[in-house]
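> Protein chains in written order, with this note's numbering: chain A, 12 to 455; chain B, 12 to 455; chain C, 12 to 455; chain D, 12 to 455. Where a beta carbon is used, it is the ideal one built from N, C-alpha and C, also for glycine. Since the model is a prediction, treat every value here as computed from it, not as a measurement.
Number of protein chains: 4
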Amino acid sequence: MENKKKVAKPEGKLAVLIPGLGAVSTTLMAGVELARQGKGAPIGSLTQMGTARLGKRTDGRTVKLNELVPLATLEDVVFGAWDIISEDAYQVAVRSGVLSDKHLEQVKPFLQGIKPKPGVHDPEFVRRITANHIKATKTHRESIEAIRQDIRDFKKELNAKRAVMVVCSSVETFRPLPEAFQTLANFEKALDSNSPDINPTALYTYAAIKEGVPFANGTPNAAVDTPALQEMAKQEGVPVAGRDLKSGQTMMKTVIAPALKARMLGLEGWFSTNILGNRDGEVLDDPQAFKAKEVTKSSVLDTILQPDLYPELYNKYSHKVSIHYYPPRGDAKEGWDNIDITGWLGYPMQIKVNFLCRDSILAAPLVLDIALFMDLAKRLEWRGIQEWMSFYFKSPMAHPGLPVEHDLFIQLTKLKNTLRVVAGEEPITHLGLDYYGDDLPLSR
Amino acid sequence: MENKKKVAKPEGKLAVLIPGLGAVSTTLMAGVELARQGKGAPIGSLTQMGTARLGKRTDGRTVKLNELVPLATLEDVVFGAWDIISEDAYQVAVRSGVLSDKHLEQVKPFLQGIKPKPGVHDPEFVRRITANHIKATKTHRESIEAIRQDIRDFKKELNAKRAVMVVCSSVETFRPLPEAFQTLANFEKALDSNSPDINPTALYTYAAIKEGVPFANGTPNAAVDTPALQEMAKQEGVPVAGRDLKSGQTMMKTVIAPALKARMLGLEGWFSTNILGNRDGEVLDDPQAFKAKEVTKSSVLDTILQPDLYPELYNKYSHKVSIHYYPPRGDAKEGWDNIDITGWLGYPMQIKVNFLCRDSILAAPLVLDIALFMDLAKRLEWRGIQEWMSFYFKSPMAHPGLPVEHDLFIQLTKLKNTLRVVAGEEPITHLGLDYYGDDLPLSR
Amino acid sequence: MENKKKVAKPEGKLAVLIPGLGAVSTTLMAGVELARQGKGAPIGSLTQMGTARLGKRTDGRTVKLNELVPLATLEDVVFGAWDIISEDAYQVAVRSGVLSDKHLEQVKPFLQGIKPKPGVHDPEFVRRITANHIKATKTHRESIEAIRQDIRDFKKELNAKRAVMVVCSSVETFRPLPEAFQTLANFEKALDSNSPDINPTALYTYAAIKEGVPFANGTPNAAVDTPALQEMAKQEGVPVAGRDLKSGQTMMKTVIAPALKARMLGLEGWFSTNILGNRDGEVLDDPQAFKAKEVTKSSVLDTILQPDLYPELYNKYSHKVSIHYYPPRGDAKEGWDNIDITGWLGYPMQIKVNFLCRDSILAAPLVLDIALFMDLAKRLEWRGIQEWMSFYFKSPMAHPGLPVEHDLFIQLTKLKNTLRVVAGEEPITHLGLDYYGDDLPLSR
Amino acid sequence: MENKKKVAKPEGKLAVLIPGLGAVSTTLMAGVELARQGKGAPIGSLTQMGTARLGKRTDGRTVKLNELVPLATLEDVVFGAWDIISEDAYQVAVRSGVLSDKHLEQVKPFLQGIKPKPGVHDPEFVRRITANHIKATKTHRESIEAIRQDIRDFKKELNAKRAVMVVCSSVETFRPLPEAFQTLANFEKALDSNSPDINPTALYTYAAIKEGVPFANGTPNAAVDTPALQEMAKQEGVPVAGRDLKSGQTMMKTVIAPALKARMLGLEGWFSTNILGNRDGEVLDDPQAFKAKEVTKSSVLDTILQPDLYPELYNKYSHKVSIHYYPPRGDAKEGWDNIDITGWLGYPMQIKVNFLCRDSILAAPLVLDIALFMDLAKRLEWRGIQEWMSFYFKSPMAHPGLPVEHDLFIQLTKLKNTLRVVAGEEPITHLGLDYYGDDLPLSR
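(1) Under the three-state reduction of DSSP, which class applies to residue 41(B): helix, strand or coil?
(2) Could you check if residue 231(C) is buried or exposed, using at least 16 other CB atoms within 10 Å of its CB as the buried criterion?
(3) Using the beta-carbon of each residue, which ones in chain C are nearer than 9 angstroms to residue 456(D)?
(4) Which residues, in order along the segment 269-291 of chain B, keep a beta-carbon less than 8 angstroms from a beta-carbon of chain D?
(5) From the beta carbon of residue 12(D), is the nearest beta carbon of chain B less than 7 angstroms away?
(6) Jot down the residue ranges of each uninterrupted alpha helix (DSSP H) in the segment 83-118 of chain D, minimum 4 residues, whole runs only, in chain order.
(7) Excluding five sequence neighbours on each side, which residues of the same chain lie with their C-beta closer than 8 angstroms to the C-beta of residue 445(D)?
(8) Between the alpha carbons of residue 267(D) and residue 311(D), how many angstroms are there, rounded?
(9) Find out if the Cβ-Cβ distance for the pair residue 346(D), residue 260(D) is shorter than 7 angstroms.
(10) For residue 397(D) and residue 233(D), which I take to be in contact (beta-carbon distance under 8 angstroms), what is that distance rounded to the nearest angstrom?
(11) When the distance is taken between beta carbons, is residue 72(B) closer than 7 angstroms to residue 360(A)?
(12) Quick check: the Cα distance between residue 123(B) and residue 99(B), rounded to an integer number of angstroms?
(13) Name the residues in the segment 341-371 of chain A whose C-beta lies less than 7 angstroms from a C-beta of chain B; which are they?
(14) Enumerate in chain order the residues of its own chain whose CB-to-CB distance from residue 170(A) is below 7 angstroms, with the five nearest sequence positions on each side excluded.
(15) Decide if residue 246(A) is buried, meaning its Cβ has at least 16 other Cβ atoms within 10 Å, or exposed.
(16) Just to confirm the assignment, what range does the beta strand (DSSP E) spanning residue 151(C) have?
(17) Could you name the residues of the same chain whose beta carbon sits closer than 7 angstroms to that of residue 469(B), not counting the 5 residues immediately before and after it, in chain order?
(18) For the 8 angstroms Cβ check, are there 3 or more pairs between the segment 117-134 of chain A and the segment 75-82 of chain A?
(19) Mind checking residue 111(C): buried by the 16 CB within 10 Å criterion, or exposed?
(20) Mapping DSSP to helix, strand and coil, what is residue 365(D)?
(21) Using DSSP with H/G/I as helix, E/B as strand and the rest coil, what is residue 348(A)?
(22) Rounding to the nearest angstrom, what Cα-Cα distance links residue 442(A) and residue 291(B) in this structure?
(23) Under 7 angstroms, do residue 236(A) and residue 400(A) count as touching if we go by C-beta distance?
(24) Just to confirm before moving on: does the CB-CB distance between residue 385(A) and residue 250(A) stay below 7 angstroms?
Structure below.
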C-alpha cells in the first residue's frame with residue numbers, strides 16, 4: 012500500500028443508466044436535481060456527505076470522501092432509463108407518491124425531460140404490470156443488441172463521456188438458478204436458443220458488460236452474481252456489484268445481529284414482518300416474486316452470526332420473514348421485528364423494532380453512491396467483483412471461496428479503508444495503543 | 012508490533028473483589044459457579060465465548076479469545092464483597108428475583124459461603140437504603156485503611172495470588188465534580204479534612220490503587236475517571252477503567268446511532284424511556300441519583316454522531332432520557348426508544364425499539380470480562396487508563412486529548428485488535444483487496 | 012320481564028366433558044383444582060369473580076354473578092375428556108409448558124387421575140398430529156354411538172347429575188361448508204354413507220345433542236353453527252353456543268374497533284400478525300387449518316364497523332390477518348397490530364398494539380364460564396342458540412336474520428342484562444337522567 | 012319516558028365562543044368551513060356522522076343522531092374567540108402546523124376573518140407564553156364585565172341567536188383547590204378582593220354563566236366543576252360540562268381498562284408516557300402545569316377498575332403517567348403505554364400500545380359535538396351538570412354522590428340512550444331474549 016495509484020480524473024459527464032423508471036429512480040433523479048439547485052440535501056449518501064479520518068486521532072485530519080478520492084460530481088451526473096411503461100419521470104414520480112407537491116413542482120420540467128426508452132419485457136417474469144412500452148425485438152440476441160444501441164445512444168444524447176448501469180426495476184419471479192446461468196458457454200447457448208430461462212435483467216447485464224459499462228444490480232433479480240455473468244464480467248474487465256439494495260428492515264438486521272454477536276448474546280428466534288403498499292408490494296404479492304426477495308433477506312443472519320463458530324449461541328434459532336402488501340402504507344414501508352435473545356445462563360430477553368421507513372427515500376442515495384463508486388472502480392481499472400461495495404446490498408458478492416460480509420459496520424470499514432488505501436493513506440485499525448506510550452507498552 | 016510481548020502466566024487464584032453485593036454481583040457469582048458445574052453457559056461473556064479471526068479469511072485461523080491471550084480461568088476465580096447490608100450472597104440473590112428457583116437451589120451453599128465485609132456508608136450519597144452492616148471507622152483515612160486491610164485479608168482468606176476490584180454498588184447521588192477531585196493533592200487534603208465531598212466509591216478506589224489492585228468502576232459514581240484518581244492510578248502504575256456498565260438501552264443506542272451515521276441518515280430526535288423495578292430503580296427514584304445516571308447516558312449520542320463533522324445531519328436533534336421506578340418490572344428492565352430520523356431530501360422516518368431486558372443478566376458477564384481483562388492488563392504491566400475496555404462502559408475513559416469512543420463496533424474492533432497485537436498477530440482492517448489479485452490492483 | 016322464572020337448583024356434580032385434552036383443558040383443570048385448594052385465583056372468570064350492579068347507582072346493590080343466578084360451584088365441577096393421544100392430563104400439562112413447576116406439583120395426582128377416553132380421528136382433518144389413542148369404530152354411526160356411551164359412562168364414573176360438553180380440540184382443516192351440513196336430513200344421509208365431509212368435531216356435537224347435553228364449540232371447527240346441527244339442537248331442545256374462543260388478538264380487536272366507531276374515527280387499514288409456538292401454532296402451519304382460523308378472525312371488523320351505515324369511514328379499509336408458527340414463543344402468543352385510522356378532515360393516525368399473551372391462560376377461564384353458563388341455560392330450559400354467550404366467541408351465533416354481535420362491550424351488556432332479567436332485576440341502560448330530577452326533566 | 016318532550020327548534024345562528032385561539036380551535040374552525048365547502052369530512056364527530064339504532068334489531072330503524080334530535084347545523088355555526096396573542100385564526104393555524112398547505116389555502120380568507128378579542132391574562136397561571144393582546148381591566152370584576160360585554164358583542168357581530176362557550180386555552184398551573192372555590196359566597200368574596208387564587212378560566216366561566224350561555228371546559232383548568240361554580244350554574248339554570256377533552260392516550264385508557272375488567276383480567280401496572288411537541292407540550296414542561304394534567308389523567312383507572320369491588324384484581328397496581336416536551340413531534344402526539352396484566356392463576360401478560368396521534372385532529376370534533384349538544388341541552392331547558400356529556404372529558408362531572416363514569420362505552424351508551432329518550436324512543440339494553448321466543452322463555 013506504499014504508493015498511491017494514479018486514478019483517471021472524472022472528466023466530462025457521467026451517464027447513470029437505469030433499467031426501471033420507478034419510485035426509486037425518480038426519487039433519485041429529483042433529489043439530485045434539487046441538490047444541484049440547493050433546495051434539498053442529499054441525506055443518506057456517503058459520497059456526498061461522508062467523511063474519513065486519516066492518520067492518528069490526534070492529527071485532526073478528517074476529509075470528505077469525495078475529496079479523498081476523485082468522484083464525479085452531482086453537476087456531472089446525467090440520467091437515462093428504460094421502462095415497460097411509457098410515462099416520463101415526472102408522471103412516475105407523481106404517481107409514486109414519495110415526494111411532496113412542493114418538491115415535485117420544483118423539478119417538474121427536469122423530470123418531464125426524462126423519458127424512458129422502451130424496455131425488454133417478459134410477462135413470465137413480471138406478472139402484475141401491464142406493459143405498454145416494449146422493445147419490438149423478437150429474440151434475446153436482438154434485445155441485447157437493442158439495449159447496446161440504447162447505451163451508445165444515451166451517451167451521445169446526454170453528451171456523456173462515461174456510463175454506469177444500476178438496475179432498479181421490479182422484482183422478477185423467482186426460479187432456482189437454471190443451467191443456463193452455470194457457465195458463460197451455457198448462457199451463450201441459451202441466448203442463441205432464446206431460452207425462456209433468461210430473465211430480462213440478465214439481458215441488460217449482458218449488454219452493459221459487452222459495452223464495458225460498470226454494472227450494479229439493485230434488485231433481487233438474477234444478474235451478475237450468477238456464475239455465467241461473473242465469468243463474463245471478469246473476461247471483459249468490467250467492475251460489477253449486487254444484489255438487492257439493503258435499505259430498510261434488512262439494513263437494521265445487519266446492525267442488530269452484529270450487536271448481539273459483539274455481546275455474545277444468544278438468539279432463539281427472529282421474526283420479521285413487513286408491510287408495504289407500493290408497486291413493489293403489489294409485485295411481491297405474487298408468491299413467486301416474494302420468493303426471490305425472501306431468499307436475499309434470509310441468508311443474512313447465518314452469515315453474520317456464524318453458528319459454526321458459536322454453536323451454543325446460534326445453532327438453533329427460528330428465522331421467519333414475511334412481506335405483506337398493505338395498500339394504506341403507500342410508498343412508506345413498515346417493519347416489525349421481534350427478536351428473542353438469551354443472556355447469562357440462558358435467560359430470555361426480547362427486542363422489538365418497529366421501523367416506519369420510506370422505501371425510495373432510503374434507496375435513492377444508495378443508487379447514487381453505487382453509481383459514483385462504480386465509476387471510480389472503472390477509472391481505477393478494477394474489474395469483476397467489487398467486494399468493497401457490500402455495504403449497499405442485501406446479498407453482496409465476494410470472491411469465490413470468501414464468505415460474503417453482511418455486517419454493516421465491517422462493510423463500512425471495508426469501504427472506507429479501501430478508499431483510504433486508494434488515496435495512499437493507512438487503513439484504520441482502531442488499535443490506539445500508541446497513544447499511551449509507556450503506559451501500555453507492547454514490548455520492551 | 013513485530014514481537015510478541017511476554018505476558019506473565021495467570022498462576023493461582025484470582026480474587027474478584029466487589030463493593031456492592033447486589034443483584035448484579037450475586038448473578039455473576041451464581042453464574043460462574045453454575046458454569047463450573049456445567050449447569051449454565053456463560054452467555055454474554057467475550058472472555059468465555061468470544062473468538063478472533065487471525066490472519067487472512069482464507070487462512071481458516073479462528074481462535075477463542077481465552078486461547079489467544081492468557082486469561083484466568085473460571086476455575087481460578089474466587090469472590091469477595093463488601094456491602095452495607097449483612098445478607099449473604101444467597102439471601103441477596105433470592106431477594107433480587109433474577110435467577111430461577113432451580114438455579115438458586117443448585118448454588119445455594121456456594122452463595123451462602125459468600126458473606127460481605129462491612130461497607131463504607133454515607134447516607135448523603137446513598138439515601139434510600141437502610142444500612143445495617145457498616146464499618147466502624149470515623150474518618151476517610153480510617154475507612155481507606157480498613158478497606159486496604161480487607162483486601163489483604165481477602166487474598167489470604169481466598170488463597171488468591173492476584174486481585175481485581177470491580178465496583179457494583181448502588182448509584183450515589185450526583186454532584187458536580189467538587190474541587191477535591193481536581194488534583195491528587197486536593198484529594199489528599201480532602202481526605203485529611205474528612206471532606207463531605209468524598210463519596211464512598213472514591214474511598215474504595217483509593218484503597219484498591221494503593222494496594223496495586225486493578226480497579227474498574229461499574230457504576231456511575233465518581234471514582235477513577237476523576238483527574239485526582241487518574242493521576243494516582245498512573246503514579247501507582249495500576250490499570251483502571253470505568254464508568255457505568257453499558258448493558259441495556261445505552262448499549263442499543265451505541266448500536267443504532269453508529270448505524271445512522273454509517274448510512275448518513277439525519278437525526279431529529281431521540282426519546283428514551285426506561286422502566287425498572289429493582290433496587291436500582293428505587294434508588295434512581297431519588298432525582299439526585301438519577302441525575303448521575305442521566306449524565307452518563309446522555310453524552311453518548313453527540314460523541315458518536317459528531318455534529319461538528321456533520322452539522323446538516325446532527326446539529327439540532329432533541330435527546331431526552333427518562334428513567335422510572337415501576338415495581339411490576341422487578342429486576343427486569345424495559346426500554347422504549349423513539350428515534351426520529353431523516354433521509355434523502357430530509358424526509359422523516361421513525362424507528363421504535365422496545366427492549367425487554369434483564370439488568371443483572373446483561374451486566375453479570377460484563378463484570379466477569381472486565382475482571383479477567385483487567386487482570387491481564389496488570390500482568391502485561393499496563394498502567395493507567397485502559398481505553399481498550401471502552402466496550403464495557405456507558406462513559407468510557409480515554410487518554411486526555413482523545414475523544415472517548417462510544418460506538419460499540421469500534422470498541423469491539425479496538426478490543427480485539429488489542430488482543431491480536433498482544434498475541435503478536437496482525438490487527439484486522441477488513442480491507443480485503445489482496446484477495447482479488449490483478450482484478451483490483453493498487454498499483455502497477 | 013315482570014316475574015322471575017324458577018330455575019332448577021344446580022344439585023349434584025356437573026361433568027364438564029371436553030373433546031381435546033390439550034394445553035387449554037389441562038390448564039383449566041389444574042386451575043379449578045388449585046382454586047379449590049385455595050392456591051390460585053380463577054382470574055379471568057366472570058362466573059367466579061364478576062359482579063353486577065342492580066338497581067340505581069345510589070342503591071349500592073352490587074352482587075357477584077354467582078349469587079345473582081344459581082350456578083354450579085367449583086366444588087361440584089368434575090372433568091372428563093377425549094383425546095387421540097393417550098397421555099393423562101398431567102403429562103399433557105407438563106409438555107404444554109403453560110404452568111409453573113410449582114403449580115404442576117401441587118395438582119399432580121389430580122391431573123394424573125384424568126385419563127382421556129380414545130378419540131375419534133380423521134387424518135384428513137387433523138394432519139400434523141400422530142394419534143395413538145383412537146376409537147376402533149368403523150363408521151360415523153359407530154363413532155357417535157361410542158361417544159354417546161362415553162358420555163353415559165362419564166356421568167356414572169364421575170357420579171355427575173348433569174353434563175356439558177365444550178370442544179377444545181385441535182383446529183381441523185378448513186373446507187367450504189359441504190352440502191352435508193346444509194340440512195339435518197342431508198347430515199343424516201352423510202352419516203349413513205360415512206361421508207368424508209363429516210369432521211370429527213361434528214360427531215361429538217351430534218352425540219352431545221342426542222344425549223341432551225348442552226354443547227359449546229371452543230374451536231373454529233364446523234359444528235353446531237351449521238344449519239344441519241342448529242336444526243337438530245333446536246329439535247332436541249338443547250342449548251348450544253360457538254364458535255372459537257375469543258382470547259387474544261381478536262379479543263383486543265373487538266375492543267379497539269368499537270372504540271374507533273364510538274369516536275367516529277375512520278379506518279384505512281388493520282394489519283394483524285400473530286406468532287405462536289405451541290401445538291396450535293404447529294397445526295395452523297398447515298395452510299388449510301389456518302384457513303379455518305382466518306375465517307373466524309376476519310369477519311369481526313365489518314360486523315362491528317358497519318360500513319353500510321358509515322361508508323365514509325369504513326367502506327374501503329384493508330384488513331390482513333396472518334398467523335405464524337414460531338417455536339421460541341412456546342405456549343405464549345404474541346400479536347402485533349398496526350391500525351391506520353383517520354380523524355377530522357381525513358388526517359391519518361396510527362395505533363400499534365403489541366400483546367404478549369398466553370393462549371391457555373386466557374382461554375381456560377372462558378371454558379369454565381361457558382360450561383357453567385350452558386348448564387344454567389339447560390336448567391332454565393333454554394334451547395337452541397344462546398346469543399348471550401357471544402361474549403366468549405370469535406364467531407358467535409345469533410338467531411337467523413339477526414346480525415351477530417362482536418363488540419365486546421355490547422356482548423358484556425347483553426350477558427349481564429340477561430342474568431339480571433333471569434334474576435328478576437331490571438336491565439341497565441346507563442341512562443341516569445332520573446338522578447337529576449328537575450335539572451334534566453324529560454317532560455313537564 | 013312515555014312522552015316526547017318538546018324541544019325548541021335550533022333557529023338562527025349559534026355562536027361558538029372559545030377562550031383560547033390555538034391549534035385546537037383553529038383546526039375546528041377550518042374544518043367546519045371545509046366541511047361546509049364539501050372539501051373535508053367532519054370525521055370524529057358524533058353529531059355529524061353518528062347514528063342510533065331505534066327499536067328492535069329487526070326493525071331496521073337506524074337514524075343519524077342529528078335527525079334523531081334537533082341540532083344546529085354546520086351552516087348555522089359561527090365562531091368567536093379570545094386570546095392573549097393577537098394573531099388571527101389563519102396565522103395561528105399556519106404556526107400550529109396541523110393542517111396541510113392545501114387545506115389552509117382553501118380557508119384562508121375565512122380564517123383571517125376570525126380575530127380574537129383580547130384575553131384575560133395572569134402570568135402566574137400561564138407562564139411560558141408572551142402575551143401581547145390583553146384586556147386593560149384592573150380587577151376580576153372588571154374582567155368579568157368585559158367578557159360579558161364581549162359575549163353580547165359577539166352575538167351582535169355574528170348575528171347569532173344563541174351562544175355556547177367552550178374553553179380551549181392553554182393549561183394553567185395547578186394548585187390544590189383554594190378556599191375561594193369551595194362555595195359561591197367565598198368565590199364572590201374572592202372576586203371582590205381580587206384574590207390571586209382566581210384563575211382566568213374561572214372568570215370566563217363566571218361570565219358565561221351570568222350571561223346564560225352554556226359552558227364547557229375543554230382544559231384541565233379549574234372552572235365549572237368546582238363547588239362554587241357548580242352552585243352558580245345550578246342557580247342560574249345554565250347547563251355545564253367539563254373538564255379536559257379526552258382525546259388521545261386517556262381515551263385509549265378508557266377503552267382498554269374496561270376491556271380488562273370485562274374479562275376479569277388483573278392489573279399489575281400501567282405505565283404511560285407521552286411525547287408532544289406543540290405549545291401544549293411546551294406549557295406542560297412547566298411542572299406546575301403538568302401537575303394539573305397529571306391529576307385529570309390519573310383518576311381514570313381507579314374509577315373504571317373499582318378496586319373496592321375487585322380487590323384481588325385491582326388493589327395494588329402501579330400507575331405512572333409522564334408527559335415530555337419533545338419538539339420533533341410538532342402538533343402530533345405520541346403515547347406509549349405498557350400494561351402489565353394477569354390472567355388465570357395470576358400468570359402475567361403484557362399489552363403495549365403505541366398511539367401516533369394528532370392532538371388537534373382528535374380534539375376538534377369533540378369541541379364541535381360539545382358545542383352542539385350543550386346548545387341542545389339549553390333548548391331542552393336542562394340545567395347544571397350534563398352527565399351525559401361524560402363521553403367527551405378526561406375528568407367528567409356527575410351529580411354529587413354519584414361516581415363519575417370513565418368507561419368510554421358506558422359513556423357512549425349513556426349519551427345515545429339519553430338522545431333516544433329525548434326523542435321519545437326506548438333506551439337500548441342489548442338484552443335480545445325476545446327474538447328467541449319459546450327457545451329462551453323468561454317465564455311460563
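Taking the geometry as given:
(1) Residue 41(B) falls in the helix class under three-state DSSP.
(2) Under this definition residue 231(C) is a buried residue.
(3) No information on residue 456(D) is available, as it lies outside the stretch 12 to 455 that chain D covers here.
(4) For the segment 269-291 of chain B, which is checked against every Cβ of chain D, the residues closer than 8 angstroms are 279, 280, 282, 284 and 286.
(5) Note that residue 12(D) scores a pLDDT of 42, beneath 50, so its modelled location is shaky and nothing firm can be said.
(6) Listed in chain order, the complete alpha helix (DSSP H) runs (minimum 4 residues) inside the segment 83-118 of chain D are 100-107 and 112-117.
(7) So the list reads 67, once near-sequence residues are dropped.
(8) Distance between the alpha carbons of residue 267(D) and residue 311(D) is about 11 angstroms.
(9) Yes, the Cβ-Cβ distance between residue 346(D) and residue 260(D) is below 7 angstroms.
(10) That belief does not hold up - the Cβ atoms of residue 397(D) and residue 233(D) are roughly 18 angstroms apart, past 8 angstroms.
(11) In this structure, residue 72(B) does not lie closer than 7 angstroms to residue 360(A) by Cβ.
(12) Separation of residue 123(B) and residue 99(B) (C-alpha to C-alpha, rounded to the nearest whole angstrom) is 6 angstroms.
(13) So the close ones are 353, 354, 355, 356, 357, 358, 360, 361, 362, 363, 364, 365, 366, 367, 368 and 369.
(14) Excluding five sequence positions before and after residue 170(A), the CB atoms of its chain that fall closer than 7 angstroms to its own CB belong to 24, given in chain order.
(15) Exposed, since its Cβ has fewer than 16 Cβ neighbours within 10 Å.
(16) Premise fails: residue 151(C) lies in the alpha helix (DSSP H), 151-168, not in any beta strand (DSSP E).
(17) Limits of chain B in this structure are 12 at one end and 455 at the other, which puts residue 469(B) out of reach.
(18) Touching, no.
(19) That one is exposed.
(20) Collapsing the DSSP output to three states places residue 365(D) in a strand.
(21) Taken through DSSP and simplified to helix, strand or coil, residue 348(A) comes out as strand.
(22) Taking the straight line joining both Cα atoms gives about 35 angstroms.
(23) For residue 236(A) and residue 400(A), no; Cβs fall outside 7 angstroms.
(24) Taking 7 angstroms as the Cβ cut-off, residue 385(A) and residue 250(A) qualify as a contacting pair.
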